[in-house]
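Since the structure comes first, as structure tokens, the remarks are kept for the end.
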Amino acid sequence: MEKKKNKKVFLKVVIIGDSGVGKTSLIHRYTSTRFLQDFKPTIGAEFSNKEVVINGKTVVAQIWDTAGQERYQSLGISFYRGADCCGIVFDRSDHSSFENLDTWKNAFLKHGAPKEEGTFPFLVIGNKSDLDDGSLVKERDAQQWCADNGNLEYIETSAKDNTSVEEAFTKLIEKGMEREKVNLVELPDRMSQKNKTVNLQRDVAKDVNRKPQKKKCC
Amino acid sequence: MLQKTINKENFNNSNLPNSGLSTTDKSARNSGLQLQLKQRALQENYRKSIITRKNYSSAHSIDTSLERKPTKKMQLRSQGRSSQIPLRKAKSALSSKPKREVPKRISRMKSAGSNDNSGFTTNNKSLMSQLSFKKVKVSKKMLRESLKTTNQCRKKTDKKKGLHYHLKTNKTALSMSRTYIKKRQYEKVQKYYVSHVSYYQGHRKVRRGYRRSQLHLLNYHLNSEEHGKKKLSDPSPFTNKRVVSPNTVPKGEIMTDSTPGVRSKPIGSVLNISIENIDEESKFELSSEQAKPEETSEEEVDPEGNKERKEIKPLHSFNSPMKQPRNLFCNCPMEEGISYVCTYGYKWIKSCFKNYDFDQNLEAYNALVEISNNKEIVDEATTSQIQKDLVRTFQKIDIFVTDDMKDKLLRVLKALVAYDPYSGYTQGINFITAALVVHCEESVTFWLCTGLFEKYEIRDLYSNQFEGMHTRIDHFKVYLQKYLPQIHAKFEEACFQPEIYMMNWILTFMCSYIPLKWLTKYFDEFFKHGWDSFHAICLSIHDFLQPTILKCEDIGEMKDCVNKMKENRDTITKESHFFKKADIEGSQEPASFFTSTRSSSDFTAFQRTRDEDWEAIFDFYETYIERFGDK
Numbered sequence: 001m002e003k004k005k006n007k008k009v010f011l012k013v014v015i016i017g018d019s020g021v022g023k024t025s026l027i028h029r030y031t032s033t034r035f036l037q038d039f040k041p042t043i044g045a046e047f048s049n050k051e052v053v054i055n056g057k058t059v060v061a062q063i064w065d066t067a068g069q070e071r072y073q074s075l076g077i078s079f080y081r082g083a084d085c086c087g088i089v090f091d092r093s094d095h096s097s098f099e100n101l102d103t104w105k106n107a108f109l110k111h112g113a114p115k116e117e118g119t120f121p122f123l124v125i126g127n128k129s130d131l132d133d134g135s136l137v138k139e140r141d142a143q144q145w146c147a148d149n150g151n152l153e154y155i156e157t158s159a160k161d162n163t164s165v166e167e168a169f170t171k172l173i174e175k176g177m178e179r180e181k182v183n184l185v186e187l188p189d190r191m192s193q194k195n196k197t198v199n200l201q202r203d204v205a206k207d208v209n210r211k212p213q214k215k216k217c218c
Numbered sequence: 001m002l003q004k005t006i007n008k009e010n011f012n013n014s015n016l017p018n019s020g021l022s023t024t025d026k027s028a029r030n031s032g033l034q035l036q037l038k039q040r041a042l043q044e045n046y047r048k049s050i051i052t053r054k055n056y057s058s059a060h061s062i063d064t065s066l067e068r069k070p071t072k073k074m075q076l077r078s079q080g081r082s083s084q085i086p087l088r089k090a091k092s093a094l095s096s097k098p099k100r101e102v103p104k105r106i107s108r109m110k111s112a113g114s115n116d117n118s119g120f121t122t123n124n125k126s127l128m129s130q131l132s133f134k135k136v137k138v139s140k141k142m143l144r145e146s147l148k149t150t151n152q153c154r155k156k157t158d159k160k161k162g163l164h165y166h167l168k169t170n171k172t173a174l175s176m177s178r179t180y181i182k183k184r185q186y187e188k189v190q191k192y193y194v195s196h197v198s199y200y201q202g203h204r205k206v207r208r209g210y211r212r213s214q215l216h217l218l219n220y221h222l223n224s225e226e227h228g229k230k231k232l233s234d235p236s237p238f239t240n241k242r243v244v245s246p247n248t249v250p251k252g253e254i255m256t257d258s259t260p261g262v263r264s265k266p267i268g269s270v271l272n273i274s275i276e277n278i279d280e281e282s283k284f285e286l287s288s289e290q291a292k293p294e295e296t297s298e299e300e301v302d303p304e305g306n307k308e309r310k311e312i313k314p315l316h317s318f319n320s321p322m323k324q325p326r327n328l329f330c331n332c333p334m335e336e337g338i339s340y341v342c343t344y345g346y347k348w349i350k351s352c353f354k355n356y357d358f359d360q361n362l363e364a365y366n367a368l369v370e371i372s373n374n375k376e377i378v379d380e381a382t383t384s385q386i387q388k389d390l391v392r393t394f395q396k397i398d399i400f401v402t403d404d405m406k407d408k409l410l411r412v413l414k415a416l417v418a419y420d421p422y423s424g425y426t427q428g429i430n431f432i433t434a435a436l437v438v439h440c441e442e443s444v445t446f447w448l449c450t451g452l453f454e455k456y457e458i459r460d461l462y463s464n465q466f467e468g469m470h471t472r473i474d475h476f477k478v479y480l481q482k483y484l485p486q487i488h489a490k491f492e493e494a495c496f497q498p499e500i501y502m503m504n505w506i507l508t509f510m511c512s513y514i515p516l517k518w519l520t521k522y523f524d525e526f527f528k529h530g531w532d533s534f535h536a537i538c539l540s541i542h543d544f545l546q547p548t549i550l551k552c553e554d555i556g557e558m559k560d561c562v563n564k565m566k567e568n569r570d571t572i573t574k575e576s577h578f579f580k581k582a583d584i585e586g587s588q589e590p591a592s593f594f595t596s597t598r599s600s601s602d603f604t605a606f607q608r609t610r611d612e613d614w615e616a617i618f619d620f621y622e623t624y625i626e627r628f629g630d631k
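In the order they appear, the protein sequences are chains A and B. Counting in full-length UniProt numbering, the first sequence runs from 1 upward without gaps. Counting in full-length UniProt numbering, the second sequence runs from 1 upward without gaps.
Right under this line is the structure:
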């Protein structure tokens, strides 16, 4: 039993995107297989765990749901750290949210500070595909954007109709696992869980640099 | 002791709102840090109050000016300041007429039809133009300087925070003995706390200045006939009209500072300019809300516009206040002769403002709504954000589903943004307004919100990268450690940080957690006890859930457990059972999900258990409030 437990892989998945594009709905659809009827703006951030078996490995994905309002980005920064993969969501019926993809990606790379900037696993998710009235963001445009930004993968989903939500998250997790293989050694259950807990502190990275100063004060 | 007494005097002189200090001090007392903390805070404040009396511009610049060596810019700045001081003195000598003390904005607005004010304005008219002339020149330098210094100041406070936070995350620290860490943490919290008390003091002043400038803006708009049209063609109506006097300063320069595209810049410029004029102009603001706005404004705002202004009439005449029919949703009893609020609302508004005049404040609110329609003041992005959020606010309660209610809330929220664009709109405020609008009329909701924001410091939660929120969470952690050590230990063991859910609790001010029925009681208590009651309710929820929390195994379970009561709230579908059904025109049928999947018997049973839960929580709450009061 213990051996099995040790094989668990913990992944931190962060979902970002504009306000009201359906981040919470997507995550809710995936983790609890229901469509959230009572919409509420996410304030601060929330997370939910989901255990899945992918390629014979048990993966515990800690999926972080962040707030979309621009103002909350300063809070969100602390959640980006230590992410293994990142999903950027946009609303296909809202073109401005598609145009904001750039800023979201850059903000993540800047504040999340992953080791490999160029190859960090992103997945672009176009949500609300069910609202088909002809004015949706076209797949070609989205693919074009992805190609221009380091050959990212793109997927179209609908949290309402449950089209390829599962698929999207599986892809995300697989990508995260690939990255994990390269970078990290598997840790025992307890340790790895500890490492995966989230630091909500402000400017943790800066504090590390300030170590010597701090000693003086004390 | 000496310092204390001096300090008190200083406070009275500088006439600052020290409510911030008192509330935070109170909570400090509870957590048992009292003596040390108080003394330190007092020392800090003493140091500041001395300096602030010299320099009104910005509190942040003061902070650093002590520790830095004078640079070129600093010298420039001090020169500018020295040019102000004699003028100010001269002015105070001139205004030998008896000054009335008007401590609060509302009472200021209420003091209608005063004669001595108009006399005052004519006497000092020429002086005024001189004053503002010199000041604008200074302010441009000072703006740049103070923006820099604020950043530096922020970094400094961050450093202080960093110390305390770093200790927690530091791996070597974790390997130390647990008790030692706790002790250290406690000390750090104390230090951090002290730094914040003074920080708030400074920050508050800046905002206060800005609020005054807002009233000016209001006055300007009240008196300009062509709303909207004029403003759109004129990129910066307020900076241009109000501060720049006819014979001064190339207008272009100021306007480049406040191009409408960049949001933060114009706010900064308006902010700084207005702060300098506080002393001189606060007198004039007295007249801004008075019965005869045309008379005073002629002399005050801009001599150029005199010809236009004479013909201008105020938006609504104050003699015939518009009385609206009652539009409340609660079943609470009503106060006699007042149709704007129920008894609860009346109590709340009384605790925020001493003399609240419903009719006049309705006028002021209407004017603000008018202003908020200007796209320069409330930009489209904000409006669309608010609209997005209103579709997601309490949508399981039928009174909030109607378009009418959404429009109402939109107006209130936009007016709030127009009232204080420096802070703007943040998600979470929508829940607070929605919770209040049940008991109050639209305009009262607005003013009640401003009261909450200013007197009870809710605005601080959202501003400045959520500084206030982090402070409150830290306070709560101290409380949690003290009153519920078991839960605290459990969280520590699992490395679970209460921030994750506390952020939501604080930023929505518990409005999205507590059911609507119980929110009434919660607000009632909050207006009585202030932030103590917030911490007490948080603690009592934890206390209520303690047995289940202690059983949890991992972080996810803990989080779900703490949010359990909230989910209870979410699953309830007919909250308005306790409230009247919305009977406004144009009300829509609630969405299909609204008619619940639960059967009615299920529903009532569920409701009963939920009410029992919340009764138990409020029982806990009372014991906590008592315990807070003891110490």
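Glycine is no exception: its CB is placed at the ideal position from the N, C-alpha and C atoms.
Alpha carbon of residue i to alpha carbon of residue j, nearest angstrom
i, j, result
"residue 454 of chain B", "residue 328 of chain B", "25 Å"
"residue 413 of chain B", "residue 446 of chain B", "8 Å"
"residue 391 of chain B", "residue 91 of chain A", "16 Å"
"residue 17 of chain A", "residue 68 of chain A", "6 Å"
"residue 410 of chain B", "residue 56 of chain A", "52 Å"
"residue 373 of chain B", "residue 441 of chain B", "20 Å"
"residue 489 of chain B", "residue 482 of chain B", "11 Å"
"residue 470 of chain B", "residue 479 of chain B", "14 Å"
"residue 388 of chain B", "residue 431 of chain B", "13 Å"
Reduced DSSP category for residue i - H, G, I as helix; E, B as strand; rest coil
i, result
"residue 497 of chain B", "coil"
"residue 417 of chain B", "helix"
"residue 632 of chain B", "It is not possible to answer for residue 632 of chain B, since the shown part of chain B is limited to 1 through 631."
"residue 119 of chain A", "coil"
"residue 427 of chain B", "coil"
"residue 48 of chain A", "strand"
"residue 35 of chain A", "coil"
"residue 510 of chain B", "coil"
"residue 378 of chain B", "coil"
"residue 40 of chain A", "coil"
"residue 106 of chain A", "helix"
"residue 394 of chain B", "coil"
"residue 555 of chain B", "helix"
Assigned exposure category for residue i - 16 Cβ within 10 Å defines buried
i, result
"residue 74 of chain A", "exposed"
"residue 150 of chain A", "exposed"
"residue 472 of chain B", "buried"
"residue 604 of chain B", "exposed"
"residue 609 of chain B", "exposed"
"residue 398 of chain B", "buried"
"residue 144 of chain A", "exposed"
Within 8 Å, strictly: CB atoms of residue i and residue j
i, j, result
"residue 89 of chain A", "residue 21 of chain A", "yes"
"residue 65 of chain A", "residue 33 of chain A", "no"
"residue 539 of chain B", "residue 624 of chain B", "yes"
"residue 112 of chain A", "residue 15 of chain A", "no"
"residue 549 of chain B", "residue 487 of chain B", "yes"
"residue 509 of chain B", "residue 498 of chain B", "no"
"residue 159 of chain A", "residue 127 of chain A", "yes"
"residue 11 of chain A", "residue 59 of chain A", "yes"
"residue 93 of chain A", "residue 136 of chain A", "yes"
Proximity test, residue i beta-carbon vs the ligand FMN heavy atom, cut-off 7 Å
i, result
"residue 406 of chain B", "In terms of ligand content, the structure shown is empty, and the ligand FMN therefore cannot be addressed."
Selection of the region 506-521 of chain B by Cβ proximity to chain A, strictly under 8 Å: 507, 508 and 512
Interface positions of the region 33-53 of chain A facing chain B (Cβ-Cβ less than 9 Å), listed along the chain: 37, 38, 39, 40, 41, 42, 43, 44, 45, 46, 47, 48 and 49
Contact set between the region 63-76 of chain A and chain B, restricted to residues whose Cβ is under 8 Å from the partner: 67, 69, 71, 72, 74 and 75
Short-range partners of chain A found in the region 439-467 of chain B, where Cβ spacing is below 9 Å: 462, 465 and 466
Chain-ordered residues of the region 415-435 of chain B with a beta carbon less than 9 Å from chain A: 424, 425, 426, 427, 428, 430 and 431
Contact list for the region 18-31 of chain A against chain B, Cβ threshold 7 Å: 19 and 20
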